[in-house]
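Residue numbers (our numbering), protein chains in the order written: chain A, 125 to 414; chain B, 10 to 282. All residues carry an ideal CB built from backbone N, CA and C; glycine is no exception. The next block holds one structure in the form of structure tokens; read it before the comments.
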Amino acid sequence: RLSEKLGDIAHKLRGAARVSEADLDATLREMRLALLEADVALPVTRHLMSEVRERALGAEVAKSLQPGQVIIKILNDALADLLGGQRRDLDLSKIPSVILLCGLQGAGKTTTAGKLARLLVGQGKKVALTSVDATRPAAREQLQVLAGQVDVQYIAGEGHSAAAMARSAVKQAGRDGHHVLILDTAGRQVVDDELMREIREVAAAVGATERLLVLDAMTGQTALQIAEQFHSAVNMSGCILTKTDADVRGGAALSVAHSTGVPIRYVGTGEKVDAFELFDPQRMAGRILG
Amino acid sequence: QLVPGGSVDALSEEEWLDIEDGLIMADCGGELAGELVHKARKRRGGSVQALKESMISMLPEVKAVNMPESGPFVLLVVGVNGTGKTTTIGKIATMFRQQGRSVLVGAADTFRAAAVEQLAVWVERAGAEMVRQHEGADPAAVAFDTIQRGVARNYDVVIIDTAGRVQTDRGLMDELAKVRRVITKAYPEAPHEVWQVVDGGTGQNAVMQVDKFREVAGTSGLVVTKLDGSGKGGIVLQLSHRFGLPIRYVGVGESLEDLMAFDGEAFVTSLLP
Ligand SMILES: Nc1nc2c(ncn2[C@@H]2O[C@H](COP(=O)(O)OP(=O)(O)OP(=O)(O)O)[C@@H](O)[C@H]2O)c(=O)[nH]1
Ligand SMILES: Nc1nc2c(ncn2[C@@H]2O[C@H](COP(=O)(O)OP(=O)(O)OP(=O)(O)O)[C@@H](O)[C@H]2O)c(=O)[nH]1
Ligand SMILES: [Mg+2]
Ligand SMILES: [Mg+2]
């Protein structure tokens with residue numbers, strides 16, 4: 125684990141008059157492997173290592189009796205800064221405000237739609253759920269069951285395309301006086317041009333105030349490409365990381381933050397509709413460091 | 010360029026680093042990528058071919074699926090949430106139906122919203138039949154019921170779908186162990202195969218997933234899904250290296266025909282320039 129490995133290096137460096145560049149590079153090599161092991165994308169890992177190196181060559185390490193500890197702290201701070209972003213509430217200023225959920229197949233969008241609905245109802249909002257997933261068997265039924273569980277209205281959009289269904293659902297939500305409409309979409313791969321075109325059309329059709337990427341926390345190196353492509357398609361306003369209860373290190377979170385600058389808003393911590401928390405950057409940084 | 014050991018490198022330093030980067034970005038793992046490239050370079054005439062051969066040799070030898078001489082072939086499908094179990098079962102059922110075999114599927118995911126409804130659509134499309142119980146029923150009871158019926162009515166194939174679960178959930182892992190035990194209770198030589206479905210875009214967490222599931226369910230093979238996406242599935246190399254489980258099939262899309270046998274050579278080629 126990184127903290128143990130760095131602990132060893134810190135121990136070796138204790139009381140050294142100064143940290144040589146060789147010692148520092150040895151430390152950075154260990155850090156690099158640990159970050160890759162935590163599924164931080166390679167380009168992001170490189171960026172973090174050069175940043176840590178730069179700060180570590182500064183005065184604070186040279187003066188310290190515990191240079192190893194200082195280097196670890198520099199990395200921890202770099203991670204927390206990257207993940208920190210501006211913490212703001214969801215933009216629910218329109219009536220109805222549409223929250224668009226998008227992401228890969230099986231990421232947890234439909235379940236997250238239910239969780240988000242429950243959270244917002246708890247904040248006193250009048251919420252409706254709708255799905256434009258016409259591909260996956262029983263996708264809309266799944267969301268209808270969840271709507272029942274969290275006691276919100278399910279709106280069945282009508283139309284021959286996902287965009288048309290979405291538009292009709294937004295109109296209906298407006299007529300029924302909802303504050304928020306959560307829009308669940310079909311899972312898609314970023315290399316599927318036709319489906320990426322579809323999500324662009326859906327986003328353009330509904331003018332969503334929040335466009336959230338739902339990403340599985342155990343995603344590997346491709347989290348970078350996934351975040352970039354969805355950002356380019358829908359101009360993401362945030363990300364929700366799911367299945368963090370799988371004891372994942374969660375390096376995918378760094379890839380999202382680094383490539384899009386978009387904040388991670390919530391994390392899914394289980395299968396039930398109440399397994400949903402506000403994202404905590406410090407805690408995530410700690411997990412990635414192991 | 011000379012490398013320690015005295016052999017002459019066929020590729021430049023930069024070319025080797027690019028190859029290593031490629032392996033890392035394909036989710037092979039930082040340490041494994043470094044070791045593979047290092048070993049390939051040390052071999053006489055370090056070349057991409059040497060690397061390719063060492064990667065192919067890491068893949069487990071393909072043993073035949075444990076098909077029984079008589080009675081139903083029983084397959085248990087397990088894995089983490091959302092990896093593609095239910096869809097994969099639709100594809101496997103279709104494959105067996107196309108071979109003229111009768112297929113019975115047990116809907117042992119009794120928890121998730123519309124799980125049984127989703128499976129029912131796939132079973133119908135595959136031309137197979139399904140056993141289900143009421144929502145919230147004990148998954149082990151559904152599995153038992155399905156096996157019994159499969160044996161009594163001479164089905165050729167019985168497939169049990171289970172709920173997704175994370176390997177860190179003690180209660181759900183115990184439940185899975187119980188499902189497996191009960192299957193054996195219903196039919197002693199079953200399950201003949203236990204396949205874990207792994208999402209092809211997963212990172213290094215897949216190692217812990219396979220480790221824990223194998224401990225609890227006795228995994229005998231893997232299916233890697235969503236390889237039609239941006240994920241190259243390099244995690245397969247890591248899993249082969251550590252567990253030696255055969256990769257039976259790969260999923261390459263959301264339709265019934267999107268199932269292919271795993272081709273080790275093609276897979277390794279896709280990870281290299
Ligand atoms: N353990 C755990 N499971 C989760 C979490 N979020 C979702 N799931 C599960 O992940 C699986 C997939 O969730 P879905 O909501 O169907 O995913 P989806 O993105 O809508 O899938 P598609 O519509 O097929 O793209 C289900 O079994 C969910 O119960 C989470 O935070 N933790
Ligand atoms: N692109 C692609 N999508 C796939 C593949 N296999 C499954 N999917 C999709 O992944 C999503 C999840 O599939 P499911 O079959 O519901 O996964 P599961 O493991 O049964 O999920 P839970 O039962 O909720 O744990 C669905 O949208 C499937 O269509 C594949 O090979 N490629
Ligand atoms: Mg869905
Ligand atoms: Mg399923």
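- Query: Taking the alpha-carbon positions, what's the Arg156 of chain A to Arg170 of chain A distance?
  - Reply: One-based indexing of the first sequence puts residue 156 of chain A at position 32. One-based indexing of the first sequence puts residue 170 of chain A at position 46. Approximately 8 Å between the Cα atoms of the pair.
| task | Output the distance between the C-alpha atoms of Asp316 of chain A and Gly238 of chain B, rounded to the nearest integer angstrom. | result | The residue you call residue 316 of chain A lines up with position 192 of the first sequence. The residue you call residue 238 of chain B lines up with position 229 of the second sequence. Distance between the alpha carbons of Asp316 of chain A and Gly238 of chain B is about 8 Å.
heavy atom of ligand 2 below 8 Å from Arg257 of chain B C-beta
Residue numbering aside, residue 257 of chain B sits at position 248 when the second sequence is read from its first letter. No, since every heavy atom of ligand 2 falls outside the 8 Å radius drawn around the Cβ of Arg257 of chain B.
Pop quiz: Arg373 of chain A and Gly414 of chain A are said to be a contact at Cβ under 8 Å. What is the actual Cβ separation, rounded to whole angstroms? Residue mapping note: residue 373 of chain A aligns to position 249 of the first sequence, counting from 1. Residue mapping note: residue 414 of chain A aligns to position 290 of the first sequence, counting from 1. The pair is a contact, with the Cβ atoms about 6 Å apart (cut-off 8 Å).
Can you check whether the C-beta of Thr346 of chain A is within less than 9 Å of a C-beta belonging to chain B? Position 222 of the first sequence, counting from 1, holds the residue named residue 346 of chain A. So, interface residue.
Length of the line joining the Cα atoms of Lys197 of chain A and Pro167 of chain A
To locate residue 197 of chain A, count along the first sequence from 1; it is residue 73. To locate residue 167 of chain A, count along the first sequence from 1; it is residue 43. For Lys197 of chain A and Pro167 of chain A, the distance between alpha carbons rounds to 21 Å.
message = When you compare the CB positions of Leu480 of chain A and Thr333 of chain A, do they come within less than 9 Å of one another, or not?
response = This structure gives no information on residue 480 of chain A, because the portion of chain A shown stretches from 125 to 414.
Discussion item. Does Ile395 of chain A pass the burial test, meaning 16 or more other C-beta atoms within 10 Å, or should it be called exposed?
Written reply: In the first sequence, counting from the first residue as 1, residue 395 of chain A sits at position 271. According to the sequence provided, residue 395 of chain A is Glu. The question's Ile does not apply to it. Here Glu395 of chain A is buried: its Cβ has 16 or more other Cβ atoms, across all protein chains shown, within 10 Å.
- [ ] Would you check if the distance between the CB atom of Glu318 of chain A and the CB atom of Ser285 of chain A is smaller than 9 Å?
- [x] The residue you call residue 318 of chain A lines up with position 194 of the first sequence. The residue you call residue 285 of chain A lines up with position 161 of the first sequence. Not a contact, by the Cβ cut-off of 9 Å.
Ser16 of chain B versus Ala49 of chain B - alpha carbon distance: Your numbering for residue 16 of chain B matches position 7 in the second sequence. Your numbering for residue 49 of chain B matches position 40 in the second sequence. Low confidence applies here, because Ser16 of chain B scores a pLDDT of 49, under 50, leaving its location unreliable; read the following figure in that light. Their Cα atoms are separated by approximately 11 Å.
Are any of the Cβ atoms in chain A nearer than 9 Å to that of Ser63 of chain B?
Taking the second sequence and counting its residues from 1, one reaches residue 63 of chain B at position 54. Chain A contact via Cβ: absent.
Self-check item: Integer Cβ distance of Val391 of chain A from Leu365 of chain A, believed to fall under 8 Å
Solution: For the purposes of this step, residue 391 of chain A is taken as the residue at position 267 of the first sequence. For the purposes of this step, residue 365 of chain A is taken as the residue at position 241 of the first sequence. Separation of the CB atoms of Val391 of chain A and Leu365 of chain A is rounded to 5 Å, and the pair is thereby assigned contact status at 8 Å.
Check whether the Cβ of Gly173 of chain B sits closer than 8 Å to any heavy atom of ligand 4, and report yes or no. Translated into positions along the second sequence, residue 173 of chain B becomes position 164. Distances from the CB of Gly173 of chain B to the heavy atoms of ligand 4 include at least one below 8 Å.
- Looking at chain B, which residues of the region 247 to 266 of chain A have a Cβ within less than 7 Å of any of its Cβ atoms? For the region 247 to 266 of chain A, the beta-carbon criterion of a distance under 7 Å to any beta-carbon of chain B is satisfied by Thr259, Pro261, Ala262, Glu265 and Gln266.
So which residues of chain B does Val338 of chain A contact, with C-beta pairs closer than 8 Å?
For the purposes of this step, residue 338 of chain A is taken as residue 214 along the first sequence, with counting starting at 1. Annotation: Val338 of chain A has no Cβ neighbours in chain B at a cutoff of 8 Å; minimum Cβ distance is about 11 Å.
Give the residues of chain A in contact with Gly235 of chain B, contact being defined as C-beta atoms less than 9 Å apart. For the purposes of this step, residue 235 of chain B is identified with residue 226 of the second sequence, where counting begins at 1. First, the amino acid is wrong: residue 235 of chain B is Lys here, not Gly. Within chain A, the residues Leu228, Gln229, Gly230 and Gln313 have their CB atoms less than 9 Å from the CB of Lys235 of chain B, given in chain order.
Self-check item: Whole-angstrom C-beta distance between Gln142 of chain B and Thr95 of chain B, which should lie under 8 Å
Solution: Taking the second sequence and counting its residues from 1, one reaches residue 95 of chain B at position 86. Taking the second sequence and counting its residues from 1, one reaches residue 142 of chain B at position 133. Contact flag wrong, Cβ pair sits at about 17 Å.
* Asked: Gln205 of chain B CB to nearest chain A CB: under 9 Å?
  -> Walking along the second sequence from the start, residue 205 of chain B turns up at place 196. Cβ-Cβ to chain A under 9 Å: no for Gln205 of chain B.
Closer than 7 Å at the beta carbon, the chain B residues around Ile223 of chain A: Against the first sequence, residue 223 of chain A aligns to sequence position 99. The contacting residues do not exist; Ile223 of chain A stays about 19 Å from chain B at best.
So, for Lys221 of chain B: in the same chain, excluding its five sequence neighbours on each side, which residues have a beta-carbon less than 6 Å away from its beta-carbon? Numbered from its first residue, the second sequence carries residue 221 of chain B at position 212. Short of 6 Å from the beta carbon of Lys221 of chain B, and not among the five residues preceding or following it, lie these beta carbons of its own chain, in chain order: Gln176.
DSSP state of Leu280 of chain B, grouped into three classes?
In the second sequence, the residue the question calls residue 280 of chain B occupies position 271. Helix, per DSSP.
So, using beta-carbon positions, are Val304 of chain A and Leu216 of chain A closer together than 9 Å? Stepping through the first sequence from its first residue, residue 304 of chain A is reached at position 180. Stepping through the first sequence from its first residue, residue 216 of chain A is reached at position 92. Yes; because the gap between Cβ atoms is below 9 Å, this pair is in contact.
Is any beta-carbon of chain B found at less than 9 Å from that of Leu69 of chain A? Absent from the structure is residue 69 of chain A, since the part of chain A shown begins at 125 and ends at 414.
Three-state secondary structure assigned by DSSP to Ser111 of chain B: Taking the first residue of the second sequence as position 1, residue 111 of chain B is located at position 102. The three-state secondary structure of Ser111 of chain B, taken from DSSP, is coil.
Could you check if Asn90 of chain B is buried or exposed, using at least 16 other CB atoms within 10 Å of its CB as the buried criterion? For the purposes of this step, residue 90 of chain B is taken as the residue at position 81 of the second sequence. The C-beta of Asn90 of chain B has 16 or more other C-beta atoms within 10 Å across all chains shown, which makes the residue buried.
Cβ of Asp149 of chain A within 9 Å of any chain B Cβ: On the first sequence, position 25 is the one that residue 149 of chain A refers to. Cβ-Cβ to chain B under 9 Å: no for Asp149 of chain A.
Check your understanding: Using a Cβ-Cβ cut-off of 6 Å (strictly less than) and excluding sequence neighbours within five positions of Gly209 of chain A, which residues of its own chain qualify?
Key -> Counted from its first residue, the first sequence places residue 209 of chain A at position 85. If we look at Gly209 of chain A and ignore the five residues flanking it on each side, its Cβ neighbours are Pro387.
Leu231 of chain B vs Pro255 of chain B beta-carbon contact at 9 Å = Start at 1 with the first residue of the second sequence, and residue 231 of chain B comes out as number 222. Start at 1 with the first residue of the second sequence, and residue 255 of chain B comes out as number 246. Yes, the pair counts as a contact, with Cβ atoms nearer than the cut-off.
Given that a residue counts as buried once 16 or more other Cβ atoms are within 10 Å of its Cβ, and exposed if not, what is Leu268 of chain B?
The residue you call residue 268 of chain B lines up with position 259 of the second sequence. Here Leu268 of chain B is buried, its C-beta having at least 16 other C-beta atoms within 10 Å.
Review point. From the DSSP output, which residues share a beta bridge with Tyr258 of chain B?
Key: As a first step, residue 258 of chain B is located in the second sequence; it is residue number 249 there, counting from the start. Its beta-bridge partners are B:Val232 and B:Ala270.
_Same chain, Cβ closer than 7 Å to Arg110 of chain B, five either side skipped, listed in chain order_ = Reading the second sequence from its first residue, position 101 is the one you call residue 110 of chain B. By the criterion of a C-beta distance shorter than 7 Å, Arg110 of chain B is surrounded in its chain by Asp165 and Val166, once the five residues flanking it on both sides are discounted.
Item to complete: Go ahead and pull the three-state DSSP assignment for Gly414 of chain A.
Response: As a first step, residue 414 of chain A is located in the first sequence; it is residue number 290 there, counting from the start. Taken through DSSP and simplified to helix, strand or coil, Gly414 of chain A comes out as coil.
Counting pairs of Cβ atoms below 8 Å between the region 370 to 384 of chain A and the region 334 to 349 of chain A, do you hit three or more?
Yes, the region 370 to 384 of chain A is in contact with the region 334 to 349 of chain A.
Q. For Ile28 of chain B, which of helix, strand or coil comes out of DSSP?
A. Here residue 28 of chain B refers to the residue found at position 19 when the second sequence is read from its first residue. Here Ile28 of chain B sits in helix by DSSP.
### Query
Would DSSP call Gly306 of chain A helix, strand or coil?
Position 182 of the first sequence holds residue 306 of chain A. Sequence check: residue 306 of chain A is Ile here, not Gly. For Ile306 of chain A, the three-state secondary structure derived from DSSP is strand.
- When Cβ atoms are compared, which residues of the region 124 to 150 of chain B fall closer than 9 Å to chain A? Of all residues in the region 124 to 150 of chain B, Ala124, Val125, Glu126, Gln127, Leu128, Ala129, Val130, Trp131 and Arg134 have a Cβ within less than 9 Å of some Cβ in chain A.
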